[in-house]
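Reading the sequence shown from the start, the letters are residues 180 to 611 in this note's numbering.
Note that CB positions come from ideal geometry on N, CA and C, so glycine has one too.
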Amino acid sequence: MTVRSYAGALVILTLVVVFWYKFDNFLAGPFFFVFVSISFTLFLLLEFGLATFVYRPVGDRKYLPTVSLVMPAFNEGKVVYRTAAAAAASTYPRDLLDIVTINDGSTDNTREELDRAQRDFGIRAIHLDRNSGKRRAVVAGFKESKGEIVAVMDSDTFLAPDALYNGVQNFSSSNVGAVCGHGKVYNKTENTITKMQDAWYDGMFTVFKGAESVFGMVTCCSGLLSFYRRKSIMGMMDSWASETFLGIPVKAGEDRALTNIVLRPRILNSADADDWILTNVVARRGEDVVYASNAVAYTIVPNTLRKFFRQQVRWKRGWFRGNLQTLTFMWKKHPLGSLLYYLHTVLAYLTPAVIARMLFLPALQGKFLSPSVYVIGLLYVGFLYTIYYAVREPRGTWPYRMLFQITYNLFISPFLSLFAWATIRRESWMTK
């Protein structure tokens, strides 16, 4: 067994014990508490089991289609030259790779830095006259691109040299329409906030996307690095760029919306989120959306709470919009994959109510048993992700996973979810 297998087996063994205990006491406790407990334990069992023992990245298949890499940028003058340099250093054959950068009306020195990258690395720099939002910048890049496969990356992300090659190998299967790369934190050593995000990213990609990928049902191809088969989405790009939600043009959630196009192609007259939509178009066509753990990209994450909050609100708005579409058709896909998706979605929507019902209300009444059980359960879940990360990467930021578990899931996420719902019509680039 590999180190990863041992880590997964340890996590799953503890989950089986908890699941058996919860099921055995099903009739003994309040229905709401028991339902949430059993559902979440089942979700974790599926997630860790699939990610550990079933998911495997696609190896080298010598597949070499033409590839275009699109990188939209807005006011990223401090870093965009270096990220363009990292992209240009890709091991993918240069005669098959076309790099297109889009300056979305930046007001800083992004134009000058992209022009410098164009001179130094032979990439293409396109400048839009005014800021139109990330969606339209991506569409402009798609229209300028030439490759059979189009990769999209954030302008504050550094690609590993083999990231493009490894991601593209997944398209050797004709049924794959989109691929999500693996995200790591570039500035993880900067402070406690970035270290917590690095530990969180490990589980978010390795565990959650790994489990989704087993069924070709990855629900969001992350904007830090994603790949699309050109013919799967090109005809939908203009509609995607001009999409509205409740009468307001949609600018946020572009990664999930792109994914939704792959998962479901006939959705663009209703409310969706950018990243999810492109994924959904592919999946609804019957195409697979998969995750490539060996296509690694290092992204700069928010280093202050204010920036982190803004990013999370933007992500949550995109998630809410995207789910309005994915909820309607994911049941038609693989039964186990559908179960994983709906368990996660139901639990996510219930989280604010669960915290109110099991934590705050009893505490206000002077009853501390339920809050204590909830906090212990929260710590237990954090412990599972911590040991899964620690066993695989002993020198990683895994000690910060428990800190993230408490601060984010208890004090940040529920309130940001409510705020995102209340302000769902607001749009801006905000923070990636």
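Task: Own chain, CB closer than 6 Å to Tyr234, minus 5 neighbours either side, in chain order - done: Counting from 1 along the sequence shown, the entry for residue 234 is found at position 55. Correct list, in chain order: Gly389, Ser392, Val393.
TODO: Confirm, please, whether the CB-CB distance from Leu557 to Ile585 is below 8 Å.
DONE: Walking along the sequence shown from the start, residue 585 turns up at place 406. Walking along the sequence shown from the start, residue 557 turns up at place 378. In contact: Ile585 and Leu557 (Cβ atoms closer than 8 Å).
Open item on the list: Rounded to the nearest angstrom, what separates Thr368 and Val570 at their Cα positions?
Closed with: The residue labelled residue 368 in the question sits at position 189 within the sequence shown. The residue labelled residue 570 in the question sits at position 391 within the sequence shown. Approximately 20 Å, taken between the alpha carbons.
Task: Cβ-based neighbour list, Val533, same chain, cut-off 7 Å, excluding 5 preceding and 5 following - done: Residue 533 sits at position 354 when you count from the first residue of the sequence shown. Here the set comprises Val215.
TODO: Using three-state DSSP, classify Tyr698 as helix, strand or coil.
DONE: With the chain running from 180 to 611 in the structure shown, residue 698 is simply not present.
Open item on the list: From the DSSP secondary-structure annotation, give me the bridge partner or partners of Asn282.
Closed with: In the sequence shown, residue 282 corresponds to position 103, counting from 1. Looking at the DSSP assignment, Asn282 forms a beta bridge with Ala252, His306.
Task: Supposed close pair Thr524, Pro593 - CB separation, criterion 8 Å - done: For the purposes of this step, residue 524 is taken as the residue at position 345 of the sequence shown. For the purposes of this step, residue 593 is taken as the residue at position 414 of the sequence shown. Between Pro593 and Thr524 the Cβ distance is about 16 Å, and since that is not below 8 Å, they are no contact.
Task: Nearest residue (CA-CA) to Thr565, options Gly256, Thr371, Asp381 - done: Taking the first residue of the sequence shown as 1, we reach residue 565 at position 386. Selected option, being the one with the closest Cα: Asp381.
Task: Contact check, Tyr477 vs Lys363, beta carbons under 8 Å - done: The count along the sequence shown starts at 1 and reaches residue 477 at position 298. The count along the sequence shown starts at 1 and reaches residue 363 at position 184. In contact: Tyr477 and Lys363 (Cβ atoms closer than 8 Å).
Task: Arg240 - containing alpha helix (DSSP H), residue span - done: Stepping through the sequence shown from its first residue, residue 240 is reached at position 61. Element bounds for Arg240: n/a, residue is neither H nor E.
Task: Reduced DSSP secondary structure (H/G/I, E/B, other) of Asn288 - done: Position 109 of the sequence shown holds residue 288. Three-state DSSP puts Asn288 in coil, outside helix and strand.
Open item on the list: So Asp308 and Glu255 are supposed to be a Cβ contact under 8 Å. How far apart are they, rounded?
Closed with: Residue numbering aside, residue 308 sits at position 129 when the sequence shown is read from its first letter. Residue numbering aside, residue 255 sits at position 76 when the sequence shown is read from its first letter. In fact, because the Cβ distance is near 18 Å, the residues do not count as touching under 8 Å.
Task: Residues near Asp287 by beta carbon distance below 7 Å, same chain, minus five either side - done: Position 108 of the sequence shown, counted from the start, is the residue given in the question as residue 287. So the list reads Asn254, Gly256, once near-sequence residues are dropped.
TODO: Could you check the C-alpha separation between Pro481 and Gln490 for me, to the nearest Å?
DONE: Position 302 of the sequence shown, counted from the first residue, corresponds to residue 481. Position 311 of the sequence shown, counted from the first residue, corresponds to residue 490. So the two alpha carbons sit approximately 8 Å from each other.
Task: Beta-carbon proximity check, Tyr579 vs Lys313, cutoff 8 Å - done: Residue mapping note: residue 579 aligns to position 400 of the sequence shown, counting from 1. Residue mapping note: residue 313 aligns to position 134 of the sequence shown, counting from 1. In this structure, Lys313 does not lie closer than 8 Å to Tyr579 by Cβ.
Task: Given 8 Å, three or more beta-carbon pairs between the segment 220-230 and the segment 257-271 - done: no
Open item on the list: Checking 8 Å against the spacing of the C-beta atoms, do Gly326 and Ser247 come in under that value?
Closed with: The residue given as residue 326 occupies position 147 in the sequence shown. The residue given as residue 247 occupies position 68 in the sequence shown. A contact, by the Cβ cut-off of 8 Å.
Open item on the list: Less than 7 Å between C-beta atoms, sequence neighbours within five positions excluded: which residues of the same chain meet that for Phe487?
Closed with: Start at 1 with the first residue of the sequence shown, and residue 487 comes out as number 308. Taken in chain order, the residues that qualify are Ile372, Pro481.
- [ ] Over the uninterrupted beta strand (DSSP E) stretch that includes Arg408, give me the two end residues.
- [x] For the purposes of this step, residue 408 is taken as the residue at position 229 of the sequence shown. Run containing Arg408: 404-408, per the beta strand (DSSP E) assignment.
- [ ] Compare the beta carbon distance of Val441 and Val329 with 8 Å and say whether it is the shorter of the two.
- [x] Counted from its first residue, the sequence shown places residue 441 at position 262. Counted from its first residue, the sequence shown places residue 329 at position 150. Not closer than 8 Å, so no.
- [ ] Find the nearest neighbour of Glu466 within the set Asn502, Leu518, Gly395, judged by alpha-carbon distance.
- [x] Your numbering for residue 466 matches position 287 in the sequence shown. The shortest C-alpha separation from Glu466 is found at Gly395.
Open item on the list: According to DSSP, is Tyr271 part of a helix, a strand, or is it coil?
Closed with: Translated into positions along the sequence shown, residue 271 becomes position 92. Tyr271: coil per DSSP, three-state reduction.
Task: Three-state secondary structure (DSSP) of Tyr553 - done: Taking the first residue of the sequence shown as 1, we reach residue 553 at position 374. Tyr553: helix per DSSP, three-state reduction.
TODO: Please name the residue, chosen from Arg295, Ser324, Asp283, that lies closest to His306 on a Cα-to-Cα basis.
DONE: Within the sequence shown, the letter at position 127 stands for residue 306. Cα-wise, what sits closest to His306 is Asp283.
- [ ] Can you have a look at Ser353 and say buried or exposed, based on whether 16 or more other CB atoms are within 10 angstroms of its CB?
- [x] Translated into positions along the sequence shown, residue 353 becomes position 174. It is exposed - the Cβ of Ser353 has fewer than 16 other Cβ atoms within 10 Å.
TODO: Check Ile585 in the structure and name its three-state DSSP category.
DONE: For the purposes of this step, residue 585 is taken as residue 406 along the sequence shown, with counting starting at 1. Residue state, collapsed to three classes: helix.
- [ ] Please classify Tyr477: does DSSP put it in a helix, a strand, or coil?
- [x] The residue given as residue 477 occupies position 298 in the sequence shown. Note: Tyr477 maps to strand in three-state DSSP.
Task: Residue interval of the alpha helix (DSSP H) (run including Lys313) - done: The residue you call residue 313 lines up with position 134 of the sequence shown. Where Lys313 is concerned, the enclosing alpha helix (DSSP H) stretches over 313-323.
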